[in-house]
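**Q** After the structure tokens below, expect a handful of questions from me.
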Amino acid sequence: MSRFRTRNNASVITPERNVSSHAFRDQLACPLCKQLFLQPFMLPCNHCICEKCITKSKTNAEVTENFYIIICPVCSKAHCLLYANKIQLRKNYLRAKLAKKYMRRHGLLRWRFDHSERPVYCETCRERRVATKRCRTCGINYCNECLHLNHSKNGAQDHIFTKAHQEDHEQWLCLLHSNSKLSEYCLDDHELICGFCKNSLHNDHETVPLSVACSREAASLFDTIAKFRKVRQGADNDLMEVILLKNNFKTYKDTKRKEIRNGFLKLRMVLHEQEKDMIELLENIELKKQKEISEYINYTSSQLSYMDGLIQYSKEALKEESQVIFLQSAHCLVKEIENAVPSVFQPSPHLREDPLKKIQPNFDDLFSILQGLVPSLSGIKQSESKAEKYAYTCNPEIMVPRHVSTTHESKQETLFRSPSLNSLFDLGVLSKDTVRRQSSTPPHHSTQSNEVCAYRDTACETPRKEKKYQIVNFSSPEPIDNESVPGPVVIYQTVVYLKSAKIYWTCPREDVDFFEVEFYEVAGIGPDNIVQTKLAGQLSKIQQQNLEIHNLDPNTEYLFKVRAVNASGQGEWSEIYKVLHPKSLAEVTFSFSCLAENIHT
28 MSRFRTRNNA SVITPERNVS SHAFRDQLAC PLCKQLFLQP FMLPCNHCIC EKCITKSKTN
88 AEVTENFYII ICPVCSKAHC LLYANKIQLR KNYLRAKLAK KYMRRHGLLR WRFDHSERPV
148 YCETCRERRV ATKRCRTCGI NYCNECLHLN HSKNGAQDHI FTKAHQEDHE QWLCLLHSNS
208 KLSEYCLDDH ELICGFCKNS LHNDHETVPL SVACSREAAS LFDTIAKFRK VRQGADNDLM
268 EVILLKNNFK TYKDTKRKEI RNGFLKLRMV LHEQEKDMIE LLENIELKKQ KEISEYINYT
328 SSQLSYMDGL IQYSKEALKE ESQVIFLQSA HCLVKEIENA VPSVFQPSPH LREDPLKKIQ
388 PNFDDLFSIL QGLVPSLSGI KQSESKAEKY AYTCNPEIMV PRHVSTTHES KQETLFRSPS
448 LNSLFDLGVL SKDTVRRQSS TPPHHSTQSN EVCAYRDTAC ETPRKEKKYQ IVNFSSPEPI
508 DNESVPGPVV IYQTVVYLKS AKIYWTCPRE DVDFFEVEFY EVAGIGPDNI VQTKLAGQLS
568 KIQQQNLEIH NLDPNTEYLF KVRAVNASGQ GEWSEIYKVL HPKSLAEVTF SFSCLAENIH
628 T
């Protein structure tokens, strides 16, 4: 992970630069040969393959009558294409242009082998000198001599000049009608079409001019990128959390391992003590029982031995023949035997009882208690077996889908030209500074050569000196508790004319009745480098997502902000957007690069 600052002085944490660079290069490389695109062609599934791979696939493909089958290497879909000498596929102009820029930026010479790159010559002189400038107003490339000759008059001061380049008109021709230029855009099929295509293939579809489609698709793309930025922010937080967990996991593991080891050591000590006590108890019980049994055996054995001897003596007395001798001892023997018989005891119930039966350690309960200390390994093994069944990118045990709210919800919004300030005087919402200006509305298509427009995104401009902006009389946004109130809008593009400006903004996903716009004029820089502003106008009841304001002072900075309003109330104000009007025509530029760079940052 690395940290860098954007042109808006915002700190952003991103992965390493080489990772994003490789990912961007993969977008510009052919998925088959892994080489950077020179002539990328789009398959019907919208995936691109280079011209060399298409020719190779065409040679090895299965031919069915006048068609051949090619399989997309990305989505594995089969497409049936017409077998002809010329590739009947549309070229992806954006990938080709970005690939050439990438190769030039990194010093790769592969772009030189592109046959579409040819030197640009002057279109007016007979010597065919190399052109140095191109007049966008005239649409002609000039060398230095012809440029000075044809544009030295005062009437040519309003012309716009760019670097000389060759307009490749062939790439803007329709694929189906080679003699017709692409002029409109089909909103139903999302395709560039010509006039013949509109009348034949798209007669029932909704079509708009290229300029309107460009504005609409740019707004849609910006909303999609803004939605991805929210996802990226959440994903960055999740990655940071997981990376911190990964880095701290070893510490957590060592701590837990030490805790488990100490616990089991104590448990072993307790078990060892219990085992020793139980063994000692068994030994003592055995010794006591052995002593009692030995005492009974010894006493009974001695008594039985005495009785055996007495019985043997009595038997011998019965053998005596002399009556005197027999009678002298017979009665004594009877008394002695009768007295000795009761002294022969039988073992008591206590002696007959096994004392070890009373000692029954409940090891089953002990086992259940020990098994309850840690989770069962069977559950862990079962989760591991489940993880093996799923692919890495869709394992529900590791990752779950992220809920993303969509900004545009299947509703087509009509874009039309905004009225000027003159049509809003009856609303009574303009300040004195705005009323003093005369307003006028130019025609819908501004095609005059003396009207110069510039596409600017002031968020891309790096100020020479850091300024502290203090907006005077700005209404502070109140916290919005109602969920049905419109969310904040985003100003994503401006069109700056000499004395007018047109701003475009996005639409929140909630229902919107109308928009409100406030713009301020930068009066000057006060003490402590704080910018002082004054309110120039407040506009309301705007039904579209753009606004054009006329009669603005040149060489003046203006600040714009927009909010949406519906039946539930007023939404939050957008971020303040700065527009700087140029001093003269020489400072006017025509570029979309700032918009793209702002979207990227």
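The numbers in the working numbering rise by one with no breaks, and the one at position 306 of the sequence shown is 333. Built from N, CA and C at the ideal position, the CB exists for glycine as well.
(1) Pull the bridge partners of Gln-565 from the DSSP assignment, please.
(2) Would DSSP call Trp-199 helix, strand or coil?
(3) Under the rule that 16 or more other beta-carbon atoms within 10 Å means buried, what is Leu-574, buried or exposed?
(4) One question on the structure: do Leu-604 and Ile-530 come within less than 8 Å of each other, judged by their Cβ atoms?
(5) Bridge partners of Ala-69, per DSSP?
(6) May I ask you to report which of helix, strand or coil DSSP gives Lys-588?
(7) From the DSSP output, in three-state form, read off Gly-134 for me.
(8) In chain order, what residues of the same chain lie with their CB nearer than 7 Å to the CB of Leu-219, ignoring the 5 residues before and after it?
(9) For Tyr-547, which option in Val-558, Leu-562, Thr-533 has the closest C-alpha, if you only look at C-alpha atoms?
(10) Since Glu-584 and Val-549 should fall inside the 8 Å C-beta cutoff, what is the C-beta to C-beta distance between them, to a whole number of angstroms?
(11) Could you compute how far the alpha carbon of Arg-131 sits from the alpha carbon of Gln-62?
(12) Please name the residue, chosen from Gln-520, Arg-379, Trp-532, Gln-597, that lies closest to Lys-316 on a Cα-to-Cα basis.
(13) So for Tyr-110, helix, strand or coil by DSSP?
(14) Tell me the start and end of each unbroken alpha helix (DSSP H) in the stretch 204 to 245 that is at least 4 residues and wholly inside, in chain order.
(15) Here's the rule I'm using: 16 or more other beta-carbon atoms within 10 Å means buried, otherwise exposed. How should Thr-560 be labelled?
(16) Please state whether DSSP places Phe-188 in a helix, a strand or coil.
(17) Using the C-alpha atoms, what's the distance from Val-157 back to Leu-174?
(18) Nearest to Lys-588 by alpha carbon, out of Lys-526, Thr-521, Arg-536?
(19) Using 8 Å for Cβ pairs, my map puts His-192 next to His-186. What's the rounded Cβ distance?
(20) To the nearest angstrom, how far is it from the Cα of Arg-256 to the Cα of Ala-262?
(21) For Val-544 and Phe-223, what's the separation of their Cα atoms in angstroms?
(22) My assumption, with CB atoms under 8 Å, is that Val-107 sits in contact with Leu-70. Please give the rounded CB distance.
(23) Going by DSSP in three states, Ile-530 sits in which element: helix, strand or coil?
(24) Count the other C-beta atoms from every protein chain shown that fall within 10 angstroms of the C-beta of Thr-251, then say buried if there are 16 or more, exposed otherwise.
(25) Helix, strand or coil for Val-606 per DSSP?
(26) Secondary structure at Glu-575, three-state DSSP: helix, strand or coil?
(27) Compare the Cα-Cα distances from Ala-105 to each of Lys-318, His-74, Tyr-120, Trp-199 and report the closest residue.
(28) Looking at the unbroken alpha helix (DSSP H) that takes in Cys-162, where does it start and where does it end?
(29) Taking 6 Å as the limit between beta carbons, can you name the residues of its chain near Pro-58, skipping five residues before and five after?
(30) Does the distance from the C-beta atom of Leu-607 to that of Ser-527 stay below 8 Å?
(31) Helix, strand or coil: how does DSSP classify Ala-56 here?
(32) Taking Cβ positions, are Ile-97 and Ala-88 nearer each other than 8 Å?
(33) What are the start and end residues of each continuous beta strand (DSSP E) run of 3 or more residues lying completely inside the stretch 256 to 324, in chain order?
(34) According to DSSP, is Met-63 part of a helix, a strand, or is it coil?
(35) Looking at the secondary structure, which residues open and close the alpha helix (DSSP H) in which Val-351 lies?
(36) Gln-520 lies in the beta strand (DSSP E); which residues open and close that run?
**A** Walking through what the data contain:
(1) Counting from 1 along the sequence shown, the entry for residue 565 is found at position 538. Answer is Glu-545.
(2) Locating residue 199 in the sequence shown gives position 172, where the first residue counts as 1. In the structure shown, Trp-199 sits in a helix (DSSP, three-state: H, G or I).
(3) If you number the sequence shown from 1, residue 574 lands on position 547. Flag for Leu-574 reads buried.
(4) Along the sequence shown, one-based indexing puts residue 604 at 577. Along the sequence shown, one-based indexing puts residue 530 at 503. Note on residue identity: the sequence assigns Tyr, not Leu, to residue 604. For Tyr-604 and Ile-530, yes; Cβs fall inside 8 Å.
(5) As a first step, residue 69 is located in the sequence shown; it is residue number 42 there, counting from the start. According to the sequence provided, residue 69 is Met. The question's Ala does not apply to it. Answer by DSSP bridge pairing, in chain order: Cys-75, Arg-117.
(6) For the purposes of this step, residue 588 is identified with residue 561 of the sequence shown, where counting begins at 1. Three-state result, Lys-588: strand.
(7) Taking the sequence shown and counting its residues from 1, the one referred to as residue 134 is at position 107. Of the three classes helix, strand and coil, the one that applies to Gly-134 here is coil, per DSSP.
(8) Taking the first residue of the sequence shown as position 1, residue 219 is located at position 192. Excluding residues within five positions, the ones whose Cβ falls inside 7 Å are Leu-209, Tyr-212.
(9) Stepping through the sequence shown from its first residue, residue 547 is reached at position 520. When only C-alpha atoms are compared, the closest one is Leu-562.
(10) As a working note, residue 584 is residue 557 in the sequence shown. As a working note, residue 549 is residue 522 in the sequence shown. Contact holds; Cβ gap of about 4 Å.
(11) On the sequence shown, residue 131 is found 104 positions in, with the first residue counted as 1. On the sequence shown, residue 62 is found 35 positions in, with the first residue counted as 1. Those two C-alpha atoms are separated by around 15 Å.
(12) Indexing the sequence shown from 1 puts residue 316 at position 289. Of the candidates Gln-520, Arg-379, Trp-532, Gln-597, the one whose C-alpha sits nearest the C-alpha of Lys-316 is Arg-379.
(13) Along the sequence shown, one-based indexing puts residue 110 at 83. In the structure shown, Tyr-110 sits in coil (DSSP, three-state: anything other than H, G, I, E or B).
(14) 222 to 227
(15) Residue mapping note: residue 560 aligns to position 533 of the sequence shown, counting from 1. Its Cβ being crowded by 16 or more others within 10 Å, Thr-560 is buried.
(16) In the sequence shown, the residue the question calls residue 188 occupies position 161. Of the three classes helix, strand and coil, the one that applies to Phe-188 here is strand, per DSSP.
(17) In the sequence shown, the residue the question calls residue 174 occupies position 147. In the sequence shown, the residue the question calls residue 157 occupies position 130. Between Leu-174 and Val-157, the C-alpha separation is close to 12 Å.
(18) Indexing the sequence shown from 1 puts residue 588 at position 561. The shortest Cα separation from Lys-588 among Lys-526, Thr-521, Arg-536 belongs to Thr-521.
(19) Against the sequence shown, residue 192 aligns to sequence position 165. Against the sequence shown, residue 186 aligns to sequence position 159. Not quite, the Cβ-Cβ distance comes to about 16 Å (not below 8 Å), so this is no contact.
(20) Here residue 256 refers to the residue found at position 229 of the sequence shown. Here residue 262 refers to the residue found at position 235 of the sequence shown. Arg-256 and Ala-262 have their C-alpha atoms some 9 Å from each other.
(21) Here residue 544 refers to the residue found at position 517 of the sequence shown. Here residue 223 refers to the residue found at position 196 of the sequence shown. Using only the alpha carbons, I get a separation of about 42 Å.
(22) Residue numbering aside, residue 107 sits at position 80 when the sequence shown is read from its first letter. Residue numbering aside, residue 70 sits at position 43 when the sequence shown is read from its first letter. It is Cys, not Val, that sits at residue 107 in the sequence shown. With a Cβ gap of about 11 Å, Cys-107 and Leu-70 do not count as contacting.
(23) To locate residue 530, count along the sequence shown from 1; it is residue 503. Note: Ile-530 maps to strand in three-state DSSP.
(24) Here residue 251 refers to the residue found at position 224 when the sequence shown is read from its first residue. So Thr-251 counts as exposed.
(25) Here residue 606 is taken as the residue at index 579 of the sequence shown, counted from 1. Of the three classes helix, strand and coil, the one that applies to Val-606 here is strand, per DSSP.
(26) Stepping through the sequence shown from its first residue, residue 575 is reached at position 548. Three-state DSSP puts Glu-575 in a strand.
(27) Your numbering for residue 105 matches position 78 in the sequence shown. That would be His-74, whose Cα lies nearest to the Cα of Ala-105.
(28) Translated into positions along the sequence shown, residue 162 becomes position 135. From DSSP, Cys-162 is part of no alpha helix (DSSP H) but of the beta strand (DSSP E) over 160 to 162.
(29) What you label residue 58 is simply residue 31 of the sequence shown in a count that begins at 1. Taking C-beta separations shorter than 6 Å and ignoring five residues to either side along the sequence, the partners of Pro-58 in its chain run Pro-100, Val-101, following chain order.
(30) Here residue 607 corresponds to residue number 580 of the sequence shown, with the count starting at 1. Here residue 527 corresponds to residue number 500 of the sequence shown, with the count starting at 1. No, Cβ-Cβ distance for Leu-607 and Ser-527 is not below 8 Å.
(31) For this step, residue 56 is matched to residue 29 along the sequence shown. Three-state result, Ala-56: strand.
(32) In the sequence shown, the residue the question calls residue 97 occupies position 70. In the sequence shown, the residue the question calls residue 88 occupies position 61. Yes, Cβ-Cβ distance for Ile-97 and Ala-88 is below 8 Å.
(33) Runs of the beta strand (DSSP E) lying entirely within the stretch 256 to 324, each at least 3 residues long, are absent.
(34) Position 36 of the sequence shown, counting from 1, holds the residue named residue 63. It should be noted that the sequence gives Leu, not Met, for residue 63. Three-state DSSP puts Leu-63 in a strand.
(35) Here residue 351 is taken as the residue at index 324 of the sequence shown, counted from 1. Where Val-351 is concerned, the enclosing alpha helix (DSSP H) stretches over 350 to 367.
(36) One-based indexing of the sequence shown puts residue 520 at position 493. Unbroken beta strand (DSSP E) run through Gln-520: 518 to 524.
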